[in-house]
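Chemist:
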Amino acid sequence: VAELRLPVLVFALEVLVVVLYSVFVTYDDQTNALLQNNKTQPLENTVYQDYPFFADIQVMIFIGFGCLLAFFRRYGFGGMVFNFLTATFAIQWAILVQGFFHFYYDGQIHLGVINLINAEFACAVVLISFGAVLGKTSPVQLLVMALLEVPVFGVTEWIVVEHLKINDAGGSILIHLFACYFGLGVTFILYRPSLNEGHSKEGTTYQSDLLSVLGTLFLWVFWPSFNCALTLRGDDQHRAILHTFIGLSASTLTAFALSALLSKNGKLSMADVQNVTLAGGVTVGASVDMMISPAVAYVLGMLGCTACMLGYKYLSPFLARRLRLQDQCGIHNLHGLTGLISTIAGICAILLASEETYGPSLYQTFSYRAPQQGDPQLGELQKLIPGLEAGLGLGGVLTGLVLKLPYLASPTDEFCFDDELFFNVPLDEDQASESQEPRCSETQITNHQYILQSKPADDVITS
Amino acid sequence: VAELRLPVLVFALEVLVVVLYSVFVTYDDQTNALLQNNKTQPLENTVYQDYPFFADIQVMIFIGFGCLLAFFRRYGFGGMVFNFLTATFAIQWAILVQGFFHFYYDGQIHLGVINLINAEFACAVVLISFGAVLGKTSPVQLLVMALLEVPVFGVTEWIVVEHLKINDAGGSILIHLFACYFGLGVTFILYRPSLNEGHSKEGTTYQSDLLSVLGTLFLWVFWPSFNCALTLRGDDQHRAILHTFIGLSASTLTAFALSALLSKNGKLSMADVQNVTLAGGVTVGASVDMMISPAVAYVLGMLGCTACMLGYKYLSPFLARRLRLQDQCGIHNLHGLTGLISTIAGICAILLASEETYGPSLYQTFSYRAPQQGDPQLGELQKLIPGLEAGLGLGGVLTGLVLKLPYLASPTDEFCFDDELFFNVPLDEDQASESQEPRCSETQITNHQYILQSKPADDVITS
Amino acid sequence: VAELRLPVLVFALEVLVVVLYSVFVTYDDQTNALLQNNKTQPLENTVYQDYPFFADIQVMIFIGFGCLLAFFRRYGFGGMVFNFLTATFAIQWAILVQGFFHFYYDGQIHLGVINLINAEFACAVVLISFGAVLGKTSPVQLLVMALLEVPVFGVTEWIVVEHLKINDAGGSILIHLFACYFGLGVTFILYRPSLNEGHSKEGTTYQSDLLSVLGTLFLWVFWPSFNCALTLRGDDQHRAILHTFIGLSASTLTAFALSALLSKNGKLSMADVQNVTLAGGVTVGASVDMMISPAVAYVLGMLGCTACMLGYKYLSPFLARRLRLQDQCGIHNLHGLTGLISTIAGICAILLASEETYGPSLYQTFSYRAPQQGDPQLGELQKLIPGLEAGLGLGGVLTGLVLKLPYLASPTDEFCFDDELFFNVPLDEDQASESQEPRCSETQITNHQYILQSKPADDVITS
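Protein chains in written order, with this note's numbering: chain A, 1 to 463; chain P, 1001 to 1463; chain R, 2001 to 2463.
1) Please classify N1167(P) as buried or exposed, where buried requires at least 16 other C-beta atoms within 10 Å of its C-beta.
2) What residues in the segment 2262-2293 of chain R bring their beta carbon closer than 8 Å to a beta carbon of chain P?
3) Would you say G1112(P) lies against chain R (beta-carbon separation less than 8 Å)?
4) Are the beta-carbon atoms belonging to L325(A) and T187(A) less than 8 Å from one another?
5) CA-CA distance, L1210(P) and F82(A)?
6) At the 8 Å Cβ level, is Q2373(R) part of the contact set with chain A, yes or no?
7) Since V1133(P) and L1085(P) are thought to touch, with beta carbons under 8 Å apart, how far apart are those beta carbons, to the nearest angstrom?
8) Against chain P, with Cβ distances strictly below 8 Å, would Y2051(R) count as a contact?
9) Short of 7 Å in beta carbon distance, which residues of its chain neighbour A2119(R), apart from the five on each side in sequence? Order them along the chain.
10) Measuring straight from C-alpha to C-alpha, what distance separates L1174(P) and I1159(P)?
11) Applying the 10 Å Cβ sphere with the 16-neighbour rule, what's the burial state of R2322(R)?
12) Return the residues of the segment 2227-2261 of chain R that lie within a Cβ-Cβ distance of less than 8 Å from chain A, sorted by chain order.
13) For P7(A), would you say it is in contact with chain P, using Cβ-to-Cβ distances shorter than 8 Å as the test?
14) Which residues in chain R sit within 7 Å of L992(P), going by Cβ to Cβ distance?
15) Q1108(P) lies in the beta strand (DSSP E); which residues open and close that run?
16) Which residues of chain R have a Cβ atom closer than 7 Å to the Cβ of Q207(A), listed in chain order?
17) If you run the structure through DSSP and keep just helix, strand and coil, what is P1360(P)?
18) Mark A2087(R) as exposed unless 16 or more other C-beta atoms lie within 10 angstroms of its C-beta, in which case mark it buried.
19) Indicate whether at least one CB of chain P lies closer than 8 Å to the CB of L2217(R).
20) L214(A): which of E2003(R), F2011(R), P2007(R) and G2066(R) sits nearest, CA to CA?
21) Taking beta-carbon pairs under 7 Å, can you tell me which members of the segment 296-323 of chain A lie near chain R?
22) Of all the options G2171(R), G2311(R), L2315(R) and M2290(R), which has the alpha carbon lying nearest to the alpha carbon of L2351(R)?
23) Identify every run of the beta strand (DSSP E) within the segment 97-183 of chain A, keeping only runs that are complete inside it and at least 3 residues long; order them along the chain.
24) Does any residue of chain R bring its CB to less than 8 Å from the CB of M1145(P)?
25) Shorter than 8 Å from the beta carbon of T2040(R) to some beta carbon of chain P?
26) Where does V1023(P) land, buried or exposed, given buried means 16+ other C-beta within 10 angstroms?
27) Compare the C-beta of A1002(P) with all C-beta atoms of chain R and state if any pair is closer than 8 Å.
28) When the Cα atoms are used, what is the spatial distance from A33(A) to S1293(P)?
29) Is DSSP giving V1284(P) helix, strand or coil here?
30) Starting from V1126(P), find everything on chain R with Cβ-Cβ shorter than 7 Å and list it in chain order.
31) Closer than 8 Å, CB to CB, is S2354(R) near chain P or not?
32) Which residues in chain R have a C-beta closer than 8 Å to the C-beta of S410(A)? List them in chain order.
33) Contact defined as beta carbons within less than 8 Å: I believe A286(A) pairs with S342(A). What is the distance between those atoms, to the nearest angstrom?
34) Determine the closest residue to L35(A) out of E1355(P), S1212(P), R1192(P) and F1318(P), with distance taken between C-alpha atoms.
35) Going by DSSP in three states, L4(A) sits in which element: helix, strand or coil?
36) Judging by CA-CA distance, which residue of V1150(P), F1130(P), F1072(P) and G1183(P) is the nearest neighbour of H1199(P)?
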């Protein structure tokens, strides 16, 4: 029966995870008591380098994304709570998947806080893709999407990082581009023609817009931690923080200017404040730890923001109507276009890198994971990007096909963007508080809600 | 007169605190300028180890708890603001009480950020107990509760930590069990039979549920800092972070599955998302720094969550009706049952600890404050638990009796869960914004509110 | 045309900033790869000392201030979003202005995270002044205010810190007093007599009050980071954290007592909870790193809070009616009166400082930037304060005159405190959700809103 789908899937995933954890996951040499001795300096444990960034990224994932995605009028629970559910599972799963690729030796995955940071990056990928299908998917579908997307990401990450050795500190190439094209692939398959005519529940409210801006602000404030968490310690990390701050702050100003300029009446749109302000964080990503100069970080923020804004204004409607790409949160604008600009900027920064600018640390920064000028791998990378997009989109398409399978509790068009389908929603304050004092339209509303609540879930999901 | 009760009590408490501070509180050797010399390394000051965890716990106490407790429809101010008031006083008071037990020498309490961390733990105890009586108590009662609970906790902590030397890094035994049974004792005495039939203001709204989930997310994100703040530095602290994250993330998935499974219509309940997801943080507490393995942390999260959920579903209604235990936020489920599981897990982890697993650091970790296998203190601990519950409950019962004294401004049944009694509440937006355009039921509502606001507080509190 | 004012100004400012960045701003020796060598210890980079405090202050600026200023019923977008816009620009601009005064050598401004911390302090100044004119200014006016206020602050800071060498760790003298008197100067010029009779949109709602308290809590929790970020490392910073916490927590209790005591019906006012609780953070500021003792920090918190509360109750109405000082958020109470108390306390703490209390570190703490007893500079400082107030007020008056220039899109009296003027505001939930089920007053409301939205901006702003 329909009600059992979510519990059964979750329990199955939990059993899978706990069995794999018990067989494969052990402590790494920073968490294993057995490997400490009287020469170990407790305060030199890597936890003190990694945990502050991990905590910041946790705030971004659970609170930043959670609030940002709660912008729909009647899908606040869905946005915030499905984000919580999906993120939690994606991290657990990524610990295993990335563990096999990056932290596996002696027959075991070795675990420390550094694995959690990596897993949160994989989780961010899933949450970005979630943005493309927000409000149109059941929690069962979201968990299946995470189940499939994390391994595809794990393989891609392994190829890009280990094999091509691309320097991509802020993850603009890997995280944002991957998440965007994968998400577009999924939403291509989950196309719902009726939604192109608009949906009565697709709007926002005053409160939901404020909550969503709050999410934006959390993402904005902690984005430097996200972009610098995996860079080299020292001046590299210091630059990553500076550039991210500068890029974000340039894109924020630009977003305000463009939002007023491109609206019909010169007023600001909250959707722009919620999304476009963040574009700079992505655009500086691929070159965030390089010596690009503060001014260039500023220009990258402006460029990324402009591309993102024009995308929202002109490209998204086109994609939705002509290419069946209904991109609910506009991830193609905020993560795709900006990711492409970031990639180009990253390649330029690598080409322009010289010992004159970097001194002896050139080889340290770039031996880390970047191809040198003239390196055949660089050409490989340049050729790779278009193919990558297609490839990632394909992964998304295949995942979308799985999500269209019956039994995954996809909501009907009518119940898109509607918490009633998945949550016991409280009666509204004004409806409940004056239940003794009938208001003109109250009877109808209340009836309407009771009907919804008593309707068996089967009738309103496509199975 | 009734209006003066809160100011008079607060001023009296402030005078008490400031006199005791001026007589007894001085700087510790990390904050006293006189004790620094030219060999002092400023960057080795303990403030850099303690402050990050302190700041995280501050967020949990003031923002996490504050939002979580704001879930009632018309008691959002009360939940968030009384939490603020009670927490602030409890910390000030705990600095003195714990100071006498743990930081007292040379006739003075010596103060540093480490004292603040300890005081926030005592404060968490008070706030958990507050959960049992949320909406049914006046701020005067809450301050008196903090005034009495902190010293009882201080004595218990001193016995458990100093005398029994129990390893209880995450505080599951001390903090959660103490807070639960004390709170149940209080609510037992403050029993209000009429509330068993439900109360018209006991529900939530869409907005209050979202705000409360936001509080949950802050607690969730920073819980690793709470559980690791007082563990040994180095790998112990690293493991505490990992286990807390894993335990929480297992209990979160389980909470979603059980919420859907146990509801009538297969839908998720926001109360479960707000509370049950957090169970894993408590369950891993007592063994959080030990070598329990990631998989066991996962299992502990699942077990704790299951116990917590079944408690909400079956035990709480029983306790309320049969045993006069009206546990408003279900602290017996989230802190009591999970605390018991955590204690058992902690004892097992101690019994199973061996040099094979820990290496030479075994003696360091457990000499810290844990009994060894065969140690008579361990038997003592095992015998202690049931007695502890009764003892703590007794402290709560006595406190409850004090709270029932006249002059403490306890709200009448009718004004439970209602901000009107203690706050100047703004007119609702829809009521106020169209005051020129009469709506059908407006006149009545407005009158109703003005009546409330002009009513002297005496009439609606039991004095 | 009116719609172009904001975009044109923002683009002009961006071009200005990016040109100046590209010509003048380079990396400092902690961020410049060229200056690292094989003796550089990456983990000793100052980013690890500065970034945690920077991140905390970011939360205060963007989230704390943002939520706190969102308390008006229909100006939540304005409060939160204009705070975002103004803060972003003020920081960019302060990096340049302060850079020329403090970080300029070899013909360049040298940039690291420490510059960002300083710039956020300058930004806090602008945001405090913004509080005086909240709801009565267009974003264009706010940007112009930031453009003018930051350089005036930069010069004042340079005089006070470099020349007078005042120890003002928490910035109570510089930041709070400056911001207050500058803001009062601005609002003096922007006086709107009609607002003294009250404004239909000046109230709060249940939700907006909660959001604003959330902002207060973020400011409260991270205030220790603000007050200690620029103190000497080690015990000085440790004391700054302790004193700030103690001062805030004393002022919080006092605020609750006074709020109940001074209200007509003995109930608490949310405006007091939102503002007066924070007074202690300012009052301890000027002596925050000195050996003032915990009890004195407590007393300072109580005193600051009392002055602040009495200011709200008695002084603000007087200032508004008699002196044309409409101080919307009461910054004269929260930053002016408390800043004066803090200054006096700071002077006393300097006068009382002795080698007996501080040991050899006396010279270190006070050589940093404080005059010694008997030092002529101290007398200079004492004489300076009254002149400073007048001087700062004058800067504000001149800025206010600029803001009154035509073309800055100042809202008409009717559209003060109203998001409709600057934002595309979503229809309210209850209006939108039942658009098929007409409610009694719906037709009028909807029409009213459409009229607003289609009205050209020119008609409702004074140009």
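For glycine and all other residues, C-beta sits at the position ideal for the given N, C-alpha and C.
Modeler: For this structure:
1) Here residue 1167(P) corresponds to residue number 167 of the second sequence, with the count starting at 1. Looking at its Cβ environment, which holds 16 or more other Cβ atoms inside 10 Å, N1167(P) is buried.
2) Within the segment 2262-2293 of chain R, those residues whose Cβ lies closer than 8 Å to any Cβ of chain P are, in chain order, S2263, N2265, G2266, K2267, L2268, S2269, M2270, V2273, T2277, M2291 and S2293.
3) In the second sequence, the residue the question calls residue 1112(P) occupies position 112. For G1112(P), the answer is yes, since a Cβ of chain R falls inside 8 Å of its Cβ.
4) What you label residue 325(A) is simply residue 325 of the first sequence in a count that begins at 1. What you label residue 187(A) is simply residue 187 of the first sequence in a count that begins at 1. Taking the C-beta atoms as reference points, T187(A) is found nearer than 8 Å to L325(A).
5) Taking the second sequence and counting its residues from 1, the one referred to as residue 1210(P) is at position 210. Taking the first sequence and counting its residues from 1, the one referred to as residue 82(A) is at position 82. So the two alpha carbons sit approximately 13 Å from each other.
6) Translated into the one-based positions of the third sequence, residue 2373(R) becomes position 373. Confidence at Q2373(R) is low in this model, with a pLDDT of 49, below 50, so its placement is unreliable and no value can be given for it.
7) Within the second sequence, the letter at position 133 stands for residue 1133(P). Within the second sequence, the letter at position 85 stands for residue 1085(P). The Cβ separation is near 15 Å, so there is no contact.
8) Against the third sequence, residue 2051(R) aligns to sequence position 51. Y2051(R) does not count as touching chain P.
9) Walking along the third sequence from the start, residue 2119(R) turns up at place 119. For A2119(R), same chain residues with a beta-carbon under 7 Å away, outside a window of 5 residues either side, are I2091, A2094, I2095 and Q2098 in chain order.
10) Numbered from 1 along the second sequence, position 174 holds the residue referred to as residue 1174(P). Numbered from 1 along the second sequence, position 159 holds the residue referred to as residue 1159(P). Per the coordinates, the alpha-carbon of L1174(P) lies some 10 Å from the alpha-carbon of I1159(P).
11) The sequence position of residue 2322(R) within the third sequence is 322, counting from 1. By the neighbour-count criterion, in which a residue is buried when 16 or more other Cβ atoms sit within 10 angstroms of its Cβ, R2322(R) is exposed.
12) Within the segment 2227-2261 of chain R, no residue qualifies.
13) Translated into positions along the first sequence, residue 7(A) becomes position 7. Yes, its Cβ sits closer than 8 Å to a Cβ of chain P.
14) An answer regarding residue 992(P) cannot be provided, because it is not within the stretch 1001 to 1463 covered by chain P.
15) For the purposes of this step, residue 1108(P) is taken as residue 108 along the second sequence, with counting starting at 1. From DSSP, the beta strand (DSSP E) with Q1108(P) extends over Q1108 to L1111.
16) As a working note, residue 207(A) is residue 207 in the first sequence. What Q207(A) touches in chain R: Q2207.
17) As a working note, residue 1360(P) is residue 360 in the second sequence. Three-state DSSP puts P1360(P) in coil, outside helix and strand.
18) What you label residue 2087(R) is simply residue 87 of the third sequence in a count that begins at 1. The residue is buried, with at least 16 neighbouring Cβ atoms inside 10 Å.
19) In the third sequence, counting from the first residue as 1, residue 2217(R) sits at position 217. It does; some Cβ of chain P falls within 8 Å.
20) For this step, residue 214(A) is matched to residue 214 along the first sequence. Here the closest residue by C-alpha is G2066(R).
21) Answer in chain order: Y298, V299 and M302.
22) Counted from its first residue, the third sequence places residue 2351(R) at position 351. Checking every option, the nearest Cα to that of L2351(R) belongs to M2290(R).
23) Counting only runs of 3+ residues, the beta strand (DSSP E) found wholly inside the segment 97-183 of chain A occupies 108-111, in chain order.
24) Residue mapping note: residue 1145(P) aligns to position 145 of the second sequence, counting from 1. Closer than 8 Å: no.
25) The residue given as residue 2040(R) occupies position 40 in the third sequence. With 8 Å as the cut-off, T2040(R) does not count as an interface residue toward chain P.
26) Here residue 1023(P) refers to the residue found at position 23 when the second sequence is read from its first residue. V1023(P) should be labelled exposed.
27) Here residue 1002(P) corresponds to residue number 2 of the second sequence, with the count starting at 1. Judged by the 8 Å Cβ criterion, A1002(P) is in contact with chain R.
28) Against the first sequence, residue 33(A) aligns to sequence position 33. Against the second sequence, residue 1293(P) aligns to sequence position 293. So the alpha carbons of these two residues sit roughly 11 Å apart.
29) Position 284 of the second sequence, counted from the first residue, corresponds to residue 1284(P). In the three-state scheme derived from DSSP, where H, G and I count as helix and E and B as strand, V1284(P) is classed as coil.
30) The residue labelled residue 1126(P) in the question sits at position 126 within the second sequence. Near V1126(P) there are no residues of chain R at all, since even the closest Cβ is about 14 Å away, more than 7 Å.
31) Residue numbering aside, residue 2354(R) sits at position 354 when the third sequence is read from its first letter. At a cut-off of 8 Å between beta carbons, S2354(R) makes no contact with chain P.
32) Reading the first sequence from its first residue, position 410 is the one you call residue 410(A). Neighbours of S410(A) on chain R: none; closest Cβ ~23 Å, over 8 Å.
33) By 1-based counting over the first sequence, the position of residue 286(A) is 286. By 1-based counting over the first sequence, the position of residue 342(A) is 342. For A286(A) against S342(A), the beta-carbon gap comes to about 4 Å, under 8 Å, which counts as contact.
34) Working through the first sequence from its first residue, we reach residue 35(A) at position 35. Considering only alpha carbons, the answer is E1355(P).
35) The residue given as residue 4(A) occupies position 4 in the first sequence. Correct three-state label for L4(A): helix.
36) In the second sequence, the residue the question calls residue 1199(P) occupies position 199. Taking the Cα of H1199(P) as reference, the smallest distance to any Cα among V1150(P), F1130(P), F1072(P) and G1183(P) is reached at F1072(P).
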